[in-house]
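Engineer: According to the numbering used here, the sequence shown holds residues 2 to 138 in order.
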Amino acid sequence: MCKALTRLSPYPCLKMPATTYERVVYKNPSEYHYMKVCLEFQEHGVELNAAQFKQLLVSALKDLFGEVGAALPVDVLTYEEKTLSAILRVCSSGLTKLWSSLTLFGAYKNKKCAFRVIQVSPFLLALSGNSREQVLD
Numbered sequence: 002m003c004k005a006l007t008r009l010s011p012y013p014c015l016k017m018p019a020t021t022y023e024r025v026v027y028k029n030p031s032e033y034h035y036m037k038v039c040l041e042f043q044e045h046g047v048e049l050n051a052a053q054f055k056q057l058l059v060s061a062l063k064d065l066f067g068e069v070g071a072a073l074p075v076d077v078l079t080y081e082e083k084t085l086s087a088i089l090r091v092c093s094s095g096l097t098k099l100w101s102s103l104t105l106f107g108a109y110k111n112k113k114c115a116f117r118v119i120q121v122s123p124f125l126l127a128l129s130g131n132s133r134e135q136v137l138d
């Protein structure tokens, strides 16, 4: 008789089948990642055009990773001057470099600012809507 299990289980001698676990690792085959970002300044009234915004991205990469980081191919797919927000495309292998450089970037022309990463996805369509902002009727 199973003495150790009699106090713990209503079925003292019932043997449980051996459990097997399988580790599944999903490696994203996507070549690119897409980021929705917003640039926020401490002061209001700062304006940037698309070219200046792109140069700001390159500067952020260069500050943290030097010339090698500045050579990382980043595409600005959409840019809104009013909100200083953009959708960026970066090769998947460079996502961490871009994200970290945006996180640590803190000033533009001696004006304090910060990048806010709103969404990241390997699928561009996923950035078309934000479930947190969705209004249900």
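Glycine included, C-beta positions come from ideal geometry on N, C-alpha and C.
Starting from serine 122, follow the beta strand (DSSP E) in both directions and report where the run begins and ends.
Structural biologist: Element bounds for serine 122: 112 to 122.
Engineer: For the ligand ATP, I want to know if valine 136 counts as a neighbour, meaning its beta carbon is within less than 7 Å of at least one of the ligand's heavy atoms.
Structural biologist: With respect to small molecules bound, the structure shown includes none, and the ligand ATP cannot be examined in it.
Engineer: Kindly list the residues whose CB is nearer than 6 Å to the CB of leucine 96, restricted to its own chain and excluding five residues on each side of it in sequence; keep chain order.
Structural biologist: Counting only Cβ-Cβ distances below 6 Å, and skipping sequence neighbours, we find His34.
Engineer: Is it the case that the Cβ atoms of alanine 61 and leucine 103 are separated by a distance below 8 Å?
Structural biologist: Yes, the pair counts as a contact, with Cβ atoms nearer than the cut-off.
Engineer: Drop a sphere of 10 angstroms on the beta-carbon of leucine 137, count the other beta-carbons inside from all chains shown, and report buried for 16 or more, exposed for fewer.
Structural biologist: So leucine 137 counts as exposed.
Engineer: Ordered along the chain, which non-local residues of its own chain (more than five positions away) have a Cβ less than 7 Å from that of arginine 117?
Structural biologist: Answer for arginine 117: Val38, Cys39 and Glu41, listed in chain order.
Engineer: May I ask you to report which of helix, strand or coil DSSP gives lysine 37?
Structural biologist: If DSSP states are grouped into helix, strand and coil, lysine 37 belongs with the strands.
Engineer: What does the Cβ neighbour count give for proline 25, buried or exposed, with the cut at 16 atoms within 10 Å?
Structural biologist: Reading off the sequence, residue 25 comes out as valine, not proline. That one is exposed.
Engineer: With burial defined as no fewer than 16 other Cβ atoms inside 10 Å of the residue's Cβ, what is the status of leucine 1: buried or exposed?
Structural biologist: Only positions 2 to 138 of the chain appear in the structure, and residue 1 is not among them; the question remains open.
Engineer: Do you know how far the Cα of glutamate 23 is from the Cα of phenylalanine 106?
Structural biologist: Each residue's Cα considered, the two are about 41 Å apart.
Engineer: Taking all protein chains shown into account, do 16 or more other C-beta atoms lie within 10 angstroms of the C-beta of phenylalanine 54, making it buried, or fewer, making it exposed?
Structural biologist: So phenylalanine 54 counts as buried.
Engineer: Put alanine 19 into one of helix, strand or coil per three-state DSSP.
Structural biologist: Residue state, collapsed to three classes: coil.
Engineer: To the nearest angstrom, how far is the alpha carbon of leucine 49 from that of lysine 110?
Structural biologist: Distance between the alpha carbons of leucine 49 and lysine 110 is about 12 Å.
Engineer: Note the first and the last residue of the continuous beta strand (DSSP E) segment covering valine 91.
Structural biologist: Unbroken beta strand (DSSP E) run through valine 91: 86 to 92.
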